[in-house]
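Since the structure comes first, as structure tokens, the remarks are kept for the end.
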Amino acid sequence: MQTLEEILQHAESAIQSATDLKSLDQFRVHYLGKKGQLTEYLKTLGQLPPEQRPQAGQKINAAKEAVQALIENRSAELQKNQIEKQLAAEMIDVSLPGRSQGRGSIHPVSKTFDDLRKIFSQMGFVFMEGPEIEEDYYNFTALNVPPLHPARAMQDTFYFANGLVLRSQMSPVQIHAMKKMQPPLRMVAMGRVYRRDFDLTHTPMFHQIECLMVDEQVTFADLKGLLHQFLHEFFSSNAPIRFRPSYFPFTEPSAEVDIGCLNCGGKGCRICKNSGWLEVLGCGMVHPNVLNEVGIDSEAYRGFAFGAGIDRLTMLKYGISDLRSLFENDLRMLKQF
Amino acid sequence: MKCSESWLREWVNPALSRDELCKTLTMAGLEVEELVPVKDIEGEENSASNDYVIDISITPNRGDCLSVRGIAREVSALTQSPLLKKNTLAEVKATSKSSVDVNIEARDDCPVYVGRVIQNVKADAPTPGWLREKLRLSGIRSINPIVDVSNFVMLELGQPMHAFDLASIAEKIHVRHSKKGEQIRLLDSTEKILDAETLVIADAKKPLAIAGVMGGMDSGVTSLTKNIFLESAFFTPKVIARQRQYYAISTDSAYRFERGVDPSIQREALERATQLILEIAGGEAGPVTENIHQPFHSREITLTHEKIEKVLGISIQDHEVENIFRALLFQFERDKNDWMVTVPSWRFDISIPEDLIEEIARIHGYDNIPIHGLSGKLQTDYARDSEKDPGPLKQLLADLGYHEIISYSFVDHHLQGLLDPAQAPYELVNPITADMAVMRSNLWVGLLNALLYNKSRQQQRIRLFETGTCFIRQDGQLRQEPRLAGLITGFALPEQWGTPARQVDFYDLKGDIENMLHFLCASGKISFRAEKHPALHPQQTAGIYQDEVKIGVMGTLHPSIVPEVFIFEIALLPLKTAKTHRFEDISKFPEIRRDMALLINEAIPAREIQDTIKTIAGDWLKDVFIFDVYQGKGISPGLKSIAIGLVLQHPARTLVDDEVTALMEQVITALKGQLGAELRR
Chain A
1 MQTLEEILQH AESAIQSATD LKSLDQFRVH YLGKKGQLTE YLKTLGQLPP
51 EQRPQAGQKI NAAKEAVQAL IENRSAELQK NQIEKQLAAE MIDVSLPGRS
101 QGRGSIHPVS KTFDDLRKIF SQMGFVFMEG PEIEEDYYNF TALNVPPLHP
151 ARAMQDTFYF ANGLVLRSQM SPVQIHAMKK MQPPLRMVAM GRVYRRDFDL
201 THTPMFHQIE CLMVDEQVTF ADLKGLLHQF LHEFFSSNAP IRFRPSYFPF
251 TEPSAEVDIG CLNCGGKGCR ICKNSGWLEV LGCGMVHPNV LNEVGIDSEA
301 YRGFAFGAGI DRLTMLKYGI SDLRSLFEND LRMLKQF
Chain B
1001 MKCSESWLRE WVNPALSRDE LCKTLTMAGL EVEELVPVKD IEGEENSASN
1051 DYVIDISITP NRGDCLSVRG IAREVSALTQ SPLLKKNTLA EVKATSKSSV
1101 DVNIEARDDC PVYVGRVIQN VKADAPTPGW LREKLRLSGI RSINPIVDVS
1151 NFVMLELGQP MHAFDLASIA EKIHVRHSKK GEQIRLLDST EKILDAETLV
1201 IADAKKPLAI AGVMGGMDSG VTSLTKNIFL ESAFFTPKVI ARQRQYYAIS
1251 TDSAYRFERG VDPSIQREAL ERATQLILEI AGGEAGPVTE NIHQPFHSRE
1301 ITLTHEKIEK VLGISIQDHE VENIFRALLF QFERDKNDWM VTVPSWRFDI
1351 SIPEDLIEEI ARIHGYDNIP IHGLSGKLQT DYARDSEKDP GPLKQLLADL
1401 GYHEIISYSF VDHHLQGLLD PAQAPYELVN PITADMAVMR SNLWVGLLNA
1451 LLYNKSRQQQ RIRLFETGTC FIRQDGQLRQ EPRLAGLITG FALPEQWGTP
1501 ARQVDFYDLK GDIENMLHFL CASGKISFRA EKHPALHPQQ TAGIYQDEVK
1551 IGVMGTLHPS IVPEVFIFEI ALLPLKTAKT HRFEDISKFP EIRRDMALLI
1601 NEAIPAREIQ DTIKTIAGDW LKDVFIFDVY QGKGISPGLK SIAIGLVLQH
1651 PARTLVDDEV TALMEQVITA LKGQLGAELR R
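Chains as they are written, first to last, in the working numbering: chain A, 1 to 337; chain B, 1001 to 1681.
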């Protein structure tokens, strides 16, 4: 009969040599089964004198445990190998495109609406809307542009047989707002406006934002502050900003605002017509006639307002050169947004 | 307003380079639009010139800058350089006694009228080169020396002038309102029939000119003219604006009168013109006839120092304010903290203290005003009915694969009629083109135009949406209603390797609409009901209802319009009243699912089956859904097989098998009894 040591030695090499779980199990039966070598060995204990039995028993049990451990280790190894082998056969082409429902897009002008809404919401402005088919009074007269005023010629207006007009600017919403609400007032209106112009740089419909603040202490310096914040935030740029005197019937003083050309950094290029500046908006202190017209005391309150073309802001931000392309709705353009 | 740099420098010559001069003008509100080298301008004159034409955009309030003198005054104020020519008034002595009587009947409209006769002019004499060149660079064509001098004085001093052929004037000049139906042939050869309120220059018999706008052909100066009557007048801006618009005539003269001509320079201009005509075309000047009915009253404005700071947010020192007034030729008196400012006759734009403050800011420099942060009370933007942010809805549609378009609000009348025949759309009086003539009453014309545009550019799978206002006539009243519409056509998914290709159908669109309405938290129950719409397929159209209110329509576009297109439109306002959703506790007990397959008459809508199940199954029913619909082999004609899954759950305990089975029996009995369904085995 083999000694315990011999059995252990053989078992160790046999278990390591097992190449699959099935043959490993055969070895388990061979050593630890009911008729396995170590089980048989245990049966020989009875032949030993009683005082040697506990020691010998311990040795045999230790040997059984050692074999058991060898089998478990080998089993884990074999299982791991098997999984690895299986996984190795399951290669896929990760470069194939994923299954897709396809992604749509939001129009760049709408994206600008969103940007503007975020910026002015943070600054505490309320958003308001007004009708697109508007009364002449709101579109012109209440804004200090009475009939025959030369400023009416600045905007060729669409009109209807009943005398209503398509609003040519967002300013009428100011009038509605001021008639409805009491100062202090911070409001913004964004929407479609219409002028009878159709050429390379004009479409008969476009979009404007109009912003109005009325309070007891509002100055031109505050307006400059607001516009600096707004333009720097919107264009994510610290480009210089300049204010030029201009004329709008509903503001006094009035200004036009330029931002240093975002394309060339002010050196002069095709986009800024070599001036280094891009005109972005018009603004000013609300004309006392306008405040008085809506019943706000122009001695107690002052206001400022600005208006900007949302389409132009969009074109400048995204580098779109043709205004008309914004309304062609070409999918090859829309898919870029 | 165009003029050559050299002409401007004859009047004021600051030590500034050309570019600096232009920048100074631009930053003072006289925006230099273009600077053009004279050698690049086409024309007969020499091409070796180093001169430039400055093209300045003059805002409507600054009529005073529509002349070289006006711009020179600005440059002088901005640069502290003196005006080199101030007053050009040099009276020309009369050498003849010839004159024409002038009778001003419309005194309010014509406060100043100055004129004189010049006899024996040579109207065919050549205009000297220097004068022709100045006109040319300001964009005015040379005609004859008399007309050229009139135009030159207008450019130089800002006073529009007119010369009549004396031979054409019967008896005397009347400045009066026209009589309705009077006729005149104008210098541009057009015939005008006058209304009853046109200010005209007439003789004893007929109108000779539409005052301030354009002269008549028959009284105009030609190369054969011998004697002329030269007019220099001030007409009220509103009168000229009205008749310029009414007769739709644009002239340099009307442009200036409309914006305001200095009412104190008529005599000066007349003398200046006389002197030039005599120099160039000879002749003998008669005495000046001067009719001044309303001598110019200058406006006085009180400005407080405090107000400047209140408006601008910056304190400007008194001496600077006064220097600015002096530079602008404003007279003023100081009274403690106030200034009494007298506005010069040429500044029509200045009537209130804010106007003076703008002048102070303009000369001080807008860029020298500091930048303040905002302060004031803050308020939350409580969402008003119509102002909800449409951003998230658009994002959802983009996530569903739709591309947002923006189309014009005015559309082609015929197309609009095809897509919404029930509406008589609002028509523009003055549309820009025929295909933009009526206001849209729904959003489909724009969507279909975009669809066709992209189809013709090889785009196969098209999914579009637009939000915007529709203009609807309802009970004779205009309603301006925000709506959302969209369409899909082509493959359900982008062409790809891992999913079989399939064309979209009605139910693809419906699924998207259901998702969207769910997202919008529409309060109330949404339902789709079979309906008819003139632009849609008669058997594939559904009205969309929120409770009992119709909020939209969807369906297959009528194949005679464009085939294989699925389209919808919903009104946005009813959806904006969404209430905040209330949370329901989640049951801890297990869900039980039971499926059944029914054979049922094909005409019975699925919604009725679902509603019946819901009514019978009651509170235990958590979900009921259709997972198969089949017609064809194995199913008798007129029937359909429909497979339905029910999910049941009790809020407070585990449901036992027996009670679920009993409930299912009740459901099946009801479906049999009420809808004639049979369980399919």
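We put the CB at the ideal spot given by N, CA and C, even for glycine.
Under the DSSP definition of a beta bridge, P1037(B) partners with Y1052(B). Leaving aside the five residues that flank S121(A) on each side, none in its chain has a CB nearer than 6 Å to its CB.
A1398(B) reaches chain A at R103, G104, S105 and I106, counting residues in chain order whose Cβ is nearer than 8 Å.
Within chain B, no C-beta atom comes nearer than 7 Å to that of G282(A); the closest sits roughly 11 Å away.
Under a 10 Å Cβ-count criterion, R324(A) is classified as exposed, with fewer than 16 other Cβ atoms of the shown protein chains found around its own Cβ. The alpha-carbon of M178(A) is positioned some 12 Å away from that of V286(A).
Under the three-state reduction of DSSP output, C1065(B) falls in the helix class. Comparing alpha-carbon positions, the option among S1232(B), A1241(B), P1111(B) and S1006(B) lying closest to D1051(B) turns out to be S1006(B).
In this structure, M187(A) places its C-beta atom within 7 Å of the C-beta atom of V126(A). Sequence-distant partners of G1552(B) (beyond 5 residues in either direction) whose C-beta falls short of 7 Å from its own C-beta, in its chain, are I1544, F1568, E1569, I1570 and A1571.
By the 16-neighbour rule on beta-carbons within 10 angstroms, F1296(B) is exposed.
N1430(B) sits exposed, since fewer than 16 C-beta atoms from the chains shown fall within 10 Å of its C-beta. In terms of Cβ geometry, G1216(B) and L1208(B) form a close pair [threshold 7 Å]. Taking all protein chains in view, the Cβ of D1585(B) is surrounded by fewer than 16 other Cβ atoms within 10 Å, so the residue is classified as exposed. Counting only residues of its own chain and dropping the five nearest sequence neighbours on each side, Q1183(B) has a CB closer than 6 Å to the CB of I1193. Within the stretch 138-165 of chain A, the residues whose Cβ lies closer than 7 Å to any Cβ of chain B are, in chain order, L148, P150, A151, M154, F158, Y159, F160 and A161. Interface annotation, Y301(A): not in contact with chain B, CB-CB separation never under 7 Å. At a Cβ-Cβ threshold of 7 Å, L1509(B) and I1526(B) do not count as neighbours. Taken atom to atom, the span from the alpha-carbon of L185(A) to that of V1200(B) is near 49 Å. Contact annotation, L278(A) with L316(A): C-beta distance approximately 6 Å; criterion of less than 8 Å satisfied. By the Cβ-count criterion, A1202(B) is buried, with 16 or more other Cβ atoms from all chains shown falling within 10 Å of its own Cβ.
A contact is defined here as three or more CB-CB pairs under 8 Å, and the stretch 295-314 of chain A meets this definition with respect to the stretch 217-231 of chain A. Assigned with DSSP and collapsed to three states, A1233(B) falls in strand. Residue state for I1462(B) is assigned as strand, using DSSP reduced to three classes. Between V1092(B) and G1283(B), the beta carbon gap of about 11 Å keeps them out of contact (Cβ cut-off 8 Å). Taken through DSSP and simplified to helix, strand or coil, I1104(B) comes out as strand.
Contact annotation for I1371(B) against chain A: A221, K224, G225 and H228 [CB-CB distance below 7 Å, chain order].
The stretch 1629-1645 of chain B makes no contact with the stretch 1654-1662 of chain B, as fewer than three CB pairs between them are under 8 Å. When the beta-carbon positions are compared, Q1649(B) and S1587(B) come within less than 7 Å of each other. About 6 Å separates the beta carbons of G1490(B) and I1462(B), which is inside the 8 Å limit, making them a contact pair.
If you draw a straight line from the Cα of F1330(B) to the Cα of L1443(B), it comes to about 57 Å. Among the CB atoms of chain A, none fall inside 7 Å of the CB of E1495(B). Taking 7 Å as the cut-off, the Cβ atoms of V109(A) and H207(A) count as close. Within the stretch 1129-1147 of chain B, no residue has a Cβ lying closer than 9 Å to any Cβ of chain A.
By the CB criterion at 7 Å, R1116(B) and V1288(B) fall inside the cutoff.
For chain A, the residues of the stretch 1469-1491 of chain B that bring a beta carbon within less than 8 Å of one of its beta carbons are T1469, F1471, L1478 and Q1480, in chain order.
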